[in-house]
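Residue numbers (the UniProt record's numbering), protein chains in the order written: chain Y, 1 to 113; chain H, 1 to 269.
A quick write-up on the structure given underneath.
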Amino acid sequence: MTDTEEAQATASTSTTTTTPTEKDAAKICVLLNATGNVPIIKKRTWTVDPNKTVSWIQKFIHKFLKLDANEQIFLYVNQTFAPAPDQIIKNLYECHGTNGKLVLYYCKNQAWG
Amino acid sequence: MAHDREVLRMIWEGQIGICFQADSEEIVGIRPEPFYLMVSRLSYLPLVTDKVRKYFTRYIAAEHQDGAAWFDFNGTPLRLHYPIGVLYDLLHPDEDSTPWSITIHFSKFPEEKLVKLNTKELLESHYLSCLKEADVLKHRGLVISAMQKKDHNQLWLGLINDKFDQFWAVNRRLMEPYSDQESFKNIPIRFYYDDDFTYMQKLITPLSQSGQKKNLADLMAELSTPVRKAVGFRTHGIELHEETQLQWMSEHLSYPDNFLHLSVDYKNE
Chain Y
1 MTDTEEAQAT ASTSTTTTTP TEKDAAKICV LLNATGNVPI IKKRTWTVDP NKTVSWIQKF
61 IHKFLKLDAN EQIFLYVNQT FAPAPDQIIK NLYECHGTNG KLVLYYCKNQ AWG
Chain H
1 MAHDREVLRM IWEGQIGICF QADSEEIVGI RPEPFYLMVS RLSYLPLVTD KVRKYFTRYI
61 AAEHQDGAAW FDFNGTPLRL HYPIGVLYDL LHPDEDSTPW SITIHFSKFP EEKLVKLNTK
121 ELLESHYLSC LKEADVLKHR GLVISAMQKK DHNQLWLGLI NDKFDQFWAV NRRLMEPYSD
181 QESFKNIPIR FYYDDDFTYM QKLITPLSQS GQKKNLADLM AELSTPVRKA VGFRTHGIEL
241 HEETQLQWMS EHLSYPDNFL HLSVDYKNE
């Protein structure tokens, strides 16, 4: 994932329509929301390579939060379903993205199993 | 639209003959004969593992007997959470009446390459997630969320026990357009190319902008680019006619996970 301070700055000034920079044009904007008893990641908006998988994001969050090896991260799309670990972000964004973003919820226990 | 039950039945009854081989490195003593099984195209490999394990157990070194099972075809590990018919059509596309020969392994699970959805419980929860995603696409998730746990159980049990009536008694509710609509909001489809396992998903509406029902010819145009043309679709081992309507296909040719799994043939211009 890459830092999107730039995109965020644009977002705060021009409300909803963010124009991605040239470099990030092919990347997908992902909004991470914590749910349940999981620690919160302060920075919520990230840009992700479209071909990264769900399990790659799970590992990223796991590492970012410095969780124990036995703790698990569950991911949900729009508070509805848990995508397969090998599903790619591009497919989820194409079908379930809203306002130029893919909204994902993460937690340590199954939430909307 | 009235359900064309004959088609649903034919899809349900589609089977593949599989010849399971043991991994020669796991065998102790005499090499066993292969194990043959007729398997539903709609089923999943972890649902047949028990039968195959039971047969091979006495030939396998004791330390491997309870290992996490996985399968490969010519060295390609087979995804455990894809319907068997999808795997077969991707890897074995030529018409051929001989059984599909795959190898079962009980050790060295390739965790880097294969998602470890190897138990019935994990597979069930993956299956329900697919149903939910499909319903989000078709009905904004309103039908599945109005169902009860026992309905979800009935779908899963119908599938794993090969009970057509039990399964369809619930699935028909998922396969009807919502309230006064004449079609789904979007059609849940996964598109596959060649023998690559990665699929493409995008929003596909059943109706054109003018409100006409779209067919496969429209879908071909939608997937084509100036340099690459979509020229054909296959599912369940069948070449599909380009006049087939998308809404009808979704209702009748979807796998039990409520997705259409289509292999796309492309031609470079």
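Note that beta-carbon positions come from the ideal geometry of N, C-alpha and C, so glycine has one too.
Nothing here was measured: the structure is a model prediction, and the numbers come from that model.
C-beta contact flag for residue i and residue j at 8 Å
{"i": "H:Pro-34", "j": "H:Gln-15", "result": "no"}
{"i": "H:Leu-91", "j": "H:Phe-73", "result": "yes"}
{"i": "H:Thr-198", "j": "Y:Ile-88", "result": "yes"}
{"i": "H:Asp-4", "j": "H:His-252", "result": "yes"}
{"i": "H:Ala-230", "j": "H:Ser-224", "result": "yes"}
{"i": "H:Ser-101", "j": "H:Glu-26", "result": "no"}
{"i": "H:Pro-188", "j": "H:Ser-129", "result": "no"}
{"i": "H:Asn-258", "j": "H:Leu-174", "result": "yes"}
{"i": "H:Val-28", "j": "H:Ala-69", "result": "no"}
Nearest-angstrom beta carbon gap, residue j and residue i [assumed within contact, 8 Å]
{"i": "Y:Val-30", "j": "Y:Lys-101", "result": "7 Å"}
{"i": "H:Leu-117", "j": "H:His-126", "result": "5 Å"}
{"i": "Y:Gly-36", "j": "Y:Lys-108", "result": "7 Å"}
{"i": "H:Phe-184", "j": "H:Gln-245", "result": "So it is not a contact: roughly 12 Å between Cβ atoms."}
{"i": "Y:Ile-61", "j": "Y:Val-48", "result": "Not confirmed; about 12 Å, so no contact."}
{"i": "H:Gln-166", "j": "H:Gly-158", "result": "4 Å"}
{"i": "Y:Leu-32", "j": "Y:Tyr-76", "result": "Rounded, the Cβ-Cβ distance is 11 Å, inconsistent with contact."}
{"i": "H:Pro-226", "j": "H:Thr-119", "result": "Wrong, their Cβ atoms sit about 46 Å apart, outside the cutoff."}
{"i": "Y:Phe-81", "j": "H:Glu-124", "result": "Contact flag wrong, Cβ pair sits at about 14 Å."}
{"i": "H:Pro-256", "j": "H:Leu-42", "result": "5 Å"}
Reduced DSSP secondary structure (H/G/I, E/B, other) of residue i
{"i": "H:Glu-239", "result": "strand"}
{"i": "H:His-139", "result": "helix"}
{"i": "H:Ala-217", "result": "helix"}
{"i": "H:Ile-104", "result": "strand"}
{"i": "Y:Ala-34", "result": "strand"}
{"i": "H:Thr-198", "result": "coil"}
{"i": "Y:Thr-53", "result": "strand"}
{"i": "H:Phe-164", "result": "helix"}
{"i": "H:Ala-146", "result": "helix"}
{"i": "Y:Thr-21", "result": "Low confidence applies to Y:Thr-21: its pLDDT is 49, below 50, so where it sits in the model is not reliable enough to give any reading."}
{"i": "H:Gln-247", "result": "helix"}
{"i": "H:Asn-118", "result": "coil"}
{"i": "H:Gly-211", "result": "coil"}
Report task. Could you list the residues in the region 117-142 of chain H with a C-beta less than 7 Å from some C-beta on chain Y, going in chain order? Result -> Ser-125, His-126, Ser-129, Lys-132, Glu-133, Val-136, Leu-137 and Gly-141
Query raised in the report: When you check each C-beta in the region 93-107 of chain Y against every C-beta of chain H, which residues fall closer than 8 Å?
Result: Glu-94, Cys-95 and His-96
Query raised in the report: Which residues, taken in chain order from the UniProt domain "Autophagy protein ATG5 UblA" (11-106) of chain H, show a beta carbon closer than 8 Å to some beta carbon of chain Y?
Result: Arg-79 and His-81
Report task. Ignoring anything shorter than 4 residues or poking outside the region 23-103 of chain H, list the alpha helix (DSSP H) runs there in chain order. Result -> 49-56 and 84-91
Requested in this report: Tell me the start and end of each unbroken alpha helix (DSSP H) in the region 81-106 of chain Y that is at least 4 residues and wholly inside, in chain order.
Outcome: 89-96
**Report entry** Contacting positions in the region 247-258 of chain H - beta carbon closer than 8 Å to chain Y
**Finding:** none
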